[in-house]
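Presented below is the structure to which this report refers.
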Amino acid sequence: MSALGAYPDEDARERELDALCAQAGGALVTLGTSVAGRPIRGARVPSTTPGAPRVLVNANIHGPEHVGSRTAMAVLRALGEKRPGERAQELRRAAEVVVVPCVNVDGFARTVASGGRGTLKELRCNEHGVDLNRNFPPPTVGDQGSFWGLVGRRDLVIAGSSDPARATWRGPAPLSEPEAKALYDFALGERFHAAVSLHSFMGTFIPPCVRTAEEARGYRRLVAAARRAQRRRYLRLQWGFFDLFTGELEDFLHHETGTWAVTLECFTLWQTFAQHLRAPTLFARFNPIDPTPVVDNDAPAVIAFLLAALALPHPRRSG
Ligand SMILES: [Zn+2]
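Take the sequence shown: its letter number 98 is residue 103 in the working numbering, and every next letter is one higher.
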């Protein structure tokens, strides 16, 4: 047991990734290296159908959000269990699945080392203090150039801050950080059909901002499919369609690589509130003391989202 109770430390997490990847008949991939020199690794699980499209499950781009990493591992485990009739096996027939359980490996390690105590700024960001999920380039939009300048003029705190002291600091420039650059290059090469990014806490699905009503309808359908797979159904936070780009991974994936991409915030607001009264650390705000019920609730939703997306054509690319 690590300093974080039921949650593994980084060494145990990497050993688990090795074991589950082998069990699923997958191959390990290294996307790149963090600021502190830690490898960012994942498992590539081949489809049983040759030439099948690829999908991505990634987690823990924010340091303390370990329950997302546990959910990603649960998806990988289900792919390797080969239980007939399971939706995970349906997914293996439909797609090659890449699982990256921890993107912000330095933030993860910092969270373990601190026993989950610290400020949001201290635990969420990478080693340079950058919010990695605000460090992706916003979509290019033809002769209007980039939206980055537009967002940069307005300091939207929730959307990402230009202030290095804030937990949502987007960094000195898009892709300034090696972790974001590694994921960016990897996704450009893979052209994933669909992707789920696991975060905590909010009990919410957050699709990207899209440009057409048809794409907004697409996301409503995909999130509905994911919610049907949950016992405790989460909310959907969707802005319809208007252009507000914040440097998040989902916006980049949707608009630049033509990927159906969603953020899934595990662990509901009520659960975190109740738990925080008893366990007042930052870690306990973001992660259930026992991850199992949340993981059991959310891993099937990840699989359902990906399967539903695989039944739709790619969203249009802007690039
Ligand atoms: Zn997050």
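All residues carry an ideal CB built from backbone N, CA and C; glycine is no exception.
It should be emphasised that the depicted structure is a prediction, and the values quoted were computed from it without experimental measurement.
Integer Cβ distance of residue i from residue j, believed to fall under 8 Å
i	j	result
Asn140	Ala185	4 Å
Ile45	Val108	6 Å
Ala192	Leu258	6 Å
Gly73	Cys271	6 Å
Ala316	Ala234	Between Ala234 and Ala316 the Cβ distance is about 15 Å, and since that is not below 8 Å, they are no contact.
Val80	Ser7	No, Val80 and Ser7 are not in contact; Cβ-Cβ is about 22 Å, not under 8 Å.
Phe206	Phe291	5 Å
Closer than 7 Å: residue i CB and nearest ligand 1 heavy atom
i	result
His204	yes
His71	no
Asn63	no
Asn138	yes
His259	no
His67	yes
Top-ranked residue by Cα proximity to residue i, from the options
i	options	result
Gly37	Asn65, Tyr189 and Val307	Tyr189
Pro58	Asn65, Arg49, Ile66 and Ala64	Arg49
Arg43	Asp16, Leu25, Leu287 and Gly85	Asp16
Glu253	His204, Asn292, Thr217 and His71	His204
Glu19	Gly85, Pro106, Lys87 and Gly56	Pro106
Leu137	Trp265, Thr76 and Asn65	Asn65
Gly30	Leu61, Glu86, Gly68 and Ala41	Glu86
Thr76	His319, Arg321 and Ala306	Ala306
Pro13	Arg88, Val110, Ala99 and Gly56	Val110
Arg129	Pro169, Glu70, Pro177 and Ala178	Glu70
Ser39	Thr297, Ala114 and Leu61	Ala114
Contacts around residue i, its chain only, beta-carbon distance under 6 Å, and the 5 residues preceding and following it disregarded
i	result
Arg5	Residue 5 lies beyond the residue range present for the chain, which begins at 6 and ends at 324; the question has no answer from this structure.
Thr273	Gly208
Asp148	Confidence at Asp148 is low in this model, with a pLDDT of 37, below 50, so the placement of that residue should be treated as unreliable; the coordinate-derived value is given next. Closer than 6 Å at Cβ, skipping near neighbours: no residue.
Ala313	Leu227 and Ala230
Gly165	Arg139, Thr173, Arg175, Thr251 and Gly252
Gly157	Legend: pLDDT at Gly157 = 40, less than 50; position of this residue unreliable, no value from coordinates given.
Arg321	none
Close beta carbons around residue i, own chain, < 8 Å, minus the five adjacent residues each side
i	result
Val162	Annotation note: pLDDT 37 at Val162 (below 50); position unreliable, coordinate value reported separately. So the qualifying residues of the chain are Arg171 and Thr173.
Sequence-distant residues of its chain with Cβ nearer than 7 Å to residue i (five each side left out)
i	result
Glu95	Leu312
Leu22	Arg46, Ala48 and Pro106
Arg238	Arg232
Is there contact between the segment 281-288 and the segment 211-223, where contact requires at least three CB pairs shorter than 8 Å? no
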